[in-house]
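To keep things clear, I will list the structure first and then write my remarks on it.
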Amino acid sequence: MLGDVRSGRLLWWYNRKQLAGRAWQPGSVFKLVVAYSLLVDRHFDPASVYDCRGNGNRDPGTNLPRCWLRYGHGAVNLARALAVSCNLYFAHYGSLLGAEAILRQARNLGLGRNTGTDLGGEVAGSLPRALGDDEMGRFATGQHPRLLVTAAQLFSLMAAIANGGELVAPM
1 MLGDVRSGRL LWWYNRKQLA GRAWQPGSVF KLVVAYSLLV DRHFDPASVY DCRGNGNRDP
61 GTNLPRCWLR YGHGAVNLAR ALAVSCNLYF AHYGSLLGAE AILRQARNLG LGRNTGTDLG
121 GEVAGSLPRA LGDDEMGRFA TGQHPRLLVT AAQLFSLMAA IANGGELVAP M
């Protein structure tokens with residue numbers, strides 16, 4: 001979909017029925033929510049570096065996913081992790097931050113509830129209520145089965161990033 005981030009007016013969409021009436025796992029787009037949650041946390045330094053080694057990088061006691069880049073991205077900070085979409089960076093720091101902090105910001109950013117769009121047939125998507133430590137890696141990379149968002153919610157999220165933080169419903 002393509003729309004005006006200030007007014008929410010949609011200029012183009014592929015399938016109107018799927019804009020608000022169907023929810024999917026957000027995948028890597030959810031890393032923006034995790035990044036925002038980290039930045040809101042006063043104890044996080046965005047210059048902190050994580051050494052992504054790809055498939056073989058496992059922290060003791062965690063259930064981190066594999067990175068999409070087989071041999072890893074090497075040393076990445078927040079900006080670089082966003083640029084290369086490093087799964088292990090977000091799984092690691094998302095686990096350290098915790099589910100409740102990320103879920104709180106996801107709700108603040110309009111996920112897990114209706115946007116108020118006039119597109120009709122809107123579903124709310126879903127946010128997990130509680131997560132075990134072994135689920136954090138999949139959650140922080142947007143691949144958790146109980147994390148579901150609509151295209152309308154993602155439009156609203158991206159519009160808020162682009163326009164200085166104001167949530168707008170697509171119309």
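The sequence shown begins at 1 in my numbering and counts up one residue at a time. All C-beta atoms in this analysis are idealised placements derived from N, C-alpha and C, irrespective of residue type, glycine included.
Candidates the options: closest to residue i by CA position
{"i": "Y14", "options": "A151, A159, I161, G165", "result": "A151"}
{"i": "G119", "options": "F139, E166, R22", "result": "Residue identity differs from the one stated: residue 119 is Leu in this sequence, not Gly. Residue R22 is the option with its Cα nearest to L119."}
{"i": "G116", "options": "L19, S28, W12", "result": "L19"}
{"i": "N88", "options": "L131, G27, R53", "result": "The amino acid at residue 88 is misidentified as Asn; the sequence shows Leu. Taking only the C-alpha atoms, the option nearest L88 is R53."}
{"i": "Q153", "options": "R138, V123, D134, P128", "result": "V123"}
{"i": "Y50", "options": "S28, A35, G74", "result": "G74"}
{"i": "G112", "options": "G8, R104, E100, G125", "result": "G125"}
{"i": "S85", "options": "A99, V34, W12", "result": "V34"}
{"i": "H92", "options": "L78, Q105, R104", "result": "L78"}
{"i": "C67", "options": "P46, Q143, V149, S37", "result": "Q143"}
{"i": "N114", "options": "L157, A130, A47, E135", "result": "L157"}
{"i": "D134", "options": "S48, G98, D45", "result": "G98"}
{"i": "D41", "options": "V168, M136, E100, R16", "result": "E100"}
{"i": "P46", "options": "W24, V76, S28, L69", "result": "V76"}
{"i": "V29", "options": "D4, V149, G121", "result": "V149"}
Bridge partners - residue i, DSSP secondary structure assignment
{"i": "D41", "result": "The partner list for D41 (beta bridge, DSSP) is empty, contrary to what the question assumes."}
{"i": "T150", "result": "A23"}
{"i": "G74", "result": "C52"}
{"i": "L2", "result": "W12"}
{"i": "S126", "result": "L148"}
Local Cβ density within 10 Å of residue i, reported as buried at 16 or more and exposed below that
{"i": "A140", "result": "buried"}
{"i": "P170", "result": "buried"}
{"i": "I102", "result": "buried"}
{"i": "Y71", "result": "exposed"}
{"i": "L39", "result": "exposed"}
{"i": "P26", "result": "buried"}
{"i": "R138", "result": "buried"}
{"i": "H43", "result": "exposed"}
{"i": "L2", "result": "exposed"}
{"i": "A106", "result": "buried"}
{"i": "G94", "result": "buried"}
{"i": "A159", "result": "buried"}
{"i": "L11", "result": "exposed"}
Whole-Å CB distance - residue i paired with residue j, under 8 Å assumed
{"i": "L82", "j": "K31", "result": "7 Å"}
{"i": "L109", "j": "P128", "result": "L109 to P128, Cβ: 16 Å. No contact."}
{"i": "R6", "j": "N163", "result": "6 Å"}
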